Amino acid sequence: MEIPVFTIDAFTNVQFEGNPAAVCLLQQELRDELYQKIAAEMNLSETTFISVLDPSDNFTTGSRFHLRWFTPTTEVSLCGHATLASAAVLFQHMKNVNHTLVFETRSGDLAVSMQEAAYLMDFPLNTPVQQRNETSGRVKGLIITLKGSPDSKPGYDFYSRYFAPWYGIPEDPVTGNH
């Protein structure tokens, strides 16, 4: 079985910058353990797997796809930069003819449309849930956000770093800044 794999840098148009994601185009679904092995081999914060929903479609003509995301150690429910990377592969490399692509995911449908030289994604609307420490369980990730200082780097409103070693991601690039 041969699986086309693309490495796409999200949030940039400069090679080796931004937030990388591996994008795998599947002709058929795989066994769960194979998704995980491929993601571990890619060793990026996320690897995404795209498959066509309608057997009469392909990656050029289809407008609806099934999408799954994996870190090197586990499947995750949502990943924005890997979804944008998936749309970039379909629009740029597979020459998809549709203006908007819909990805069916564990988090619901995500629509990505092409807007001139950029992509616009609609995230699902999730109602915030108040969690209590005694019922939250183990920490899965840690996000640290600080207000930006105009003295150090003008133009930055805030700095954000995300650590998730429990998901096999020592530090996620978040927005592609380094």
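Going letter by letter, the sequence shown gives residues 317 to 494 in the numbering used here. Here a beta-carbon is modelled for each residue, glycine too, at the ideal position from N, C-alpha and C. As the structure is a prediction and not an experimental result, all values here were calculated from the model.
Residue nearest to residue i in terms of C-alpha spacing, selected from the options
i, options, result
"G464", "L400, G457, K411, R477", "R477"
"T387", "E357, H415, R380", "E357"
"F322", "K411, L383, V339, T389", "V339"
"N329", "A434, T461, T389", "A434"
"T443", "M437, I460, S423, L436", "S423"
"P486", "D325, E333, N359", "N359"
"H415", "M437, M317, L350, V445", "M437"
Residue environment, residue i, which counts as buried when at least 16 other CB atoms sit within 10 Å
i, result
"G378", "buried"
"F381", "buried"
"R384", "buried"
"L426", "buried"
Between the CA atoms of residue j and residue i - distance to the nearest angstrom
i, j, result
"T376", "V392", "26 angstroms"
"A337", "Q344", "21 angstroms"
"L458", "A480", "6 angstroms"
"H500", "F439", "Outside the shown range of the chain (317 to 494) lies residue 500, about which nothing can therefore be said."
"F332", "I366", "23 angstroms"
Local conformation of residue i per DSSP, three classes
i, result
"G492", "With a pLDDT of 39 at G492, under the threshold of 50, the predicted position of this residue should be treated as unreliable, though the coordinate-derived value follows. G492: coil per DSSP, three-state reduction."
Checklist entry - Does the stretch 399–410 come within contact of the stretch 430–445, defined as at least 3 CB pairs closer than 8 angstroms? => result yes
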